[in-house]
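Residue 550 is where the sequence shown starts when you use the working numbering, and the numbers rise one by one after that.
Where is the CB? At the ideal position from N, CA and C, for every residue including glycine.
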Amino acid sequence: MRDDDDWAQAFATARIAESCAISNTTREINCVFPLYLYPGVGKASAALFNRWPEGKDGRTPNLDTEFVEATAVATKLRFLSDGRGDPRATFGPEDVLAWIYAMFHSPGYRSLYEAHLKLDFPRVPPPGNTDIFRALTEAGHDLLTVHLLESRKLTETITDYAGPRAPEVGRVGWSAGMV
């Protein structure tokens with residue numbers, strides 16, 4: 550990111566990311582942080598980094614234990630080391646990702662931490678209470694499904710077409726600010 554740019558780029562993918570997946574105009578290289586670590590993948594020693602019970606396919610969350618513990622204390626919810634939790638009693642790594650994603654896309658967060666975001670990796674505060682965590686986690690999950698192109702909202706039309714059944718383009722023109 551150039552010095553004069555605002556920090557505005559946080560994205561999620563369920564696939565491999567290219568080095569300039571968001572913008573190649575700023576000549577930046579993406580930083581990719583997987584949500585889960587899988588046994589036998591990469592250079593990390595399983596014994597060194599295995600701080601969570603194994604989940605699906607032996608995966609473990611790639612999350613800071615102090616942040617997870619602070620979130621558990623603030624929300625009074627129990628942490629599950631795989632998937633999503635039940636918002637009434639538990640939370641999981643996918644809920645933490647949703648919380649972080651909601652925070653990174655929050656105008657208030659970006660405004661409050663604007664100076665810091667230009668200099669370093671973004672920092673994520675733990676939630677203030679259970680209600681805030683639930684609300685922002687839900688918003689984060691919704692935003693993630695849209696960005697991952699998994700949302701049902703993407704197939705819902707928001708406009709109506711009032712023309713012929715099989716329209717054909719005869720000639721394209723520009724008039725009075727319209728095509």
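Helix, strand or coil for TYR658 per DSSP? DSSP places TYR658 in helix when its eight states are reduced to three.
Quick one: residues in its chain with C-beta nearer than 8 angstroms to the C-beta of ALA559, no 5 flanking neighbours on either side, listed in chain order? Cβ within range, chain order: TYR650, PHE653, HIS654 and PRO671.
Please check the pair SER630 and TRP648, which I expect to be a contact at CB under 8 angstroms, by giving their CB distance rounded to whole angstroms. Actually they do not touch by this definition, with Cβ atoms about 16 angstroms apart.
Spell out the partners DSSP gives MET727 in its beta bridges. Paired residue(s): SER724.
Quick one: grab the DSSP three-state call for TYR585. Assignment of TYR585 by DSSP, reduced to helix, strand and coil, places it in the strand class.
Specify the secondary structure class of PRO610 as computed by DSSP and reduced to three states. Strand.
Go through its chain and collect everything with a Cβ distance to ASP606's Cβ below 7 angstroms, but skip five positions before and after it. Listed in chain order, the non-local C-beta contacts of ASP606 below 7 angstroms within the same chain comprise TYR587, local neighbours out to five positions each way being set aside.
Buried or exposed: which applies to PHE640, given that a residue is buried once 16 or more other Cβ atoms fall within 10 Å of its Cβ? A residue is called buried once 16 or more other Cβ atoms fall within 10 Å of its Cβ, and PHE640 is buried on that count.
What are the residues that DSSP puts in a beta bridge with ARG627? Beta-bridge partners assigned by DSSP to ARG627: THR639.
Just to confirm, is the Cβ distance from LEU584 to PRO675 under 8 angstroms? Contact check for LEU584 against PRO675 fails: the beta carbons are separated by 8 angstroms or more.
Helix, strand or coil, according to DSSP, for TYR650 in the structure here? In the three-state DSSP reduction, TYR650 falls in the helix class (H, G or I).
Over the uninterrupted alpha helix (DSSP H) stretch that includes ARG731, give me the two end residues. The structure shown does not extend to residue 731, since the chain is modelled only from 550 through 728, so no value can be given for it.
Cutoff 6 angstroms; reference VAL581; Cβ partners in own chain excluding five residues on either side: Taken in chain order, the residues that qualify are ALA566.
Check this for me: beta carbons of ALA563 and LEU697, under 8 angstroms apart or not? Pairing ALA563 with LEU697 gives a Cβ-Cβ distance under 8 angstroms.
Between which two residues does the alpha helix (DSSP H) carrying ALA664 extend? Where ALA664 is concerned, the enclosing alpha helix (DSSP H) starts and stops at 663 to 666.
Inter-residue Cα distance where the pair is TRP669 and ARG659: Per the sequence presented here, residue 669 reads as Asp, with Trp not at that position. Distance between the alpha carbons of ASP669 and ARG659 is about 13 angstroms.
Taking just the CA atoms, how far does GLY634 sit from GLU618? If you take the alpha carbons of GLU618 and GLY634, they lie about 15 angstroms apart.
Just how far apart, CA to CA, sit GLU699 and GLU705? If I take the Cα positions, the gap works out to 13 angstroms.
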